[in-house]
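Residue 0 is where the sequence shown starts when you use numbering that gives the first Met the number 0, and the numbers rise one by one after that.
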Amino acid sequence: MRIDVPRQPTARLSDAWRHCVGTGRFDLALRRDYQDSLALVQREIGFRHIRGHGLLSDGTGIHQPYEHAGERRVRHAFTYVDQIVDAYLDLGIEPFLELGFMPSQLASGEDTVFWWKGNITPPRDEAEWADLVRGVLRHLIDRYGLDQVRRWPIEVWNEPNLEGFWSAGQDAPTTASTR
């Protein structure tokens with residue numbers, strides 16, 4: 000197949016990409032080579048927000064369930080999230096927070112997407128899910144300030160209208176409250 004590219008522009012390219020670019024997994028930003036590449040791209044073209052998959056996936060280590068005296072408890076750990084968001088902010092980039100995928104120990108099933116197995120099932124405990132989301136947002140506000148976090152776009156799940164990203168379907172009942 001041959002593709003001919005005209006020498007002169009045929010239309011003006013929108014600069015929508017300056018507002019937000021997508022990346023792979025959120026936790027890729029823990030890698031030095033990724034951060035170096037991101038710094039180069041930001042320096043050369045610049046953009047405001049970056050959106051990555053899997054903020055709540057196991058790779059970021061936020062959701063940490065454990066048992067104490069026969070009772071299930073959950074601790075939230077933000078070390079990796081802080082390192083990632085700090086790296087973004089140091090480059091003049093704000094995160095676009097995608098609240099997903101489901102942590103494996105909160106997932107109601109084993110359906111996944113991508114080679115890194117982002118879990119696409121609903122939470123098995125909606126109150127625990129709501130606590131997780133509240134905990135993440137509270138932590139970010141405590142660390143970075145309400146005025147800053149308010150500027151960050153937040154998406155609850157990645158494309159839940161597509162079966163490949165949300166196993167429960169569009170008509171799934173929800174009773175979760177963010178109180």
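In this text, a Cβ means the ideal position worked out from N, Cα and C, and glycines have one as well.
Quick caveat: nothing in here was measured; it's all calculated off a predicted structure.
Alpha carbon of residue i to alpha carbon of residue j, nearest angstrom
i, j, result
"residue 137", "residue 68", "27 Å"
"residue 94", "residue 100", "16 Å"
"residue 175", "residue 129", "Any reading at residue 175 is ruled out, since the residue's pLDDT is 45, under 50, leaving its predicted position unreliable."
"residue 75", "residue 107", "19 Å"
"residue 85", "residue 29", "10 Å"
"residue 6", "residue 127", "56 Å"
"residue 179", "residue 43", "Absent from the model: residue 179. The displayed extent of the chain is 0 to 178, so no value can be given."
"residue 38", "residue 21", "15 Å"
Contact under 7 Å by Cβ, residue i with residue j
i, j, result
"residue 165", "residue 92", "no"
"residue 59", "residue 26", "yes"
"residue 148", "residue 139", "yes"
"residue 168", "residue 112", "no"
"residue 152", "residue 104", "no"
Residue burial classification, residue i (beta-carbon count within 10 angstroms, cutoff 16)
i, result
"residue 0", "exposed"
"residue 24", "buried"
"residue 97", "buried"
"residue 31", "exposed"
"residue 117", "buried"
"residue 2", "exposed"
"residue 12", "exposed"
Selection from the options that minimises the alpha carbon distance to residue i
i, options, result
"residue 102", "142, 148, 52", "52"
"residue 35", "56, 160, 89", "89"
"residue 122", "132, 28, 114, 113", "132"
"residue 45", "117, 8, 104, 18", "18"
"residue 73", "82, 61, 14, 81", "61"
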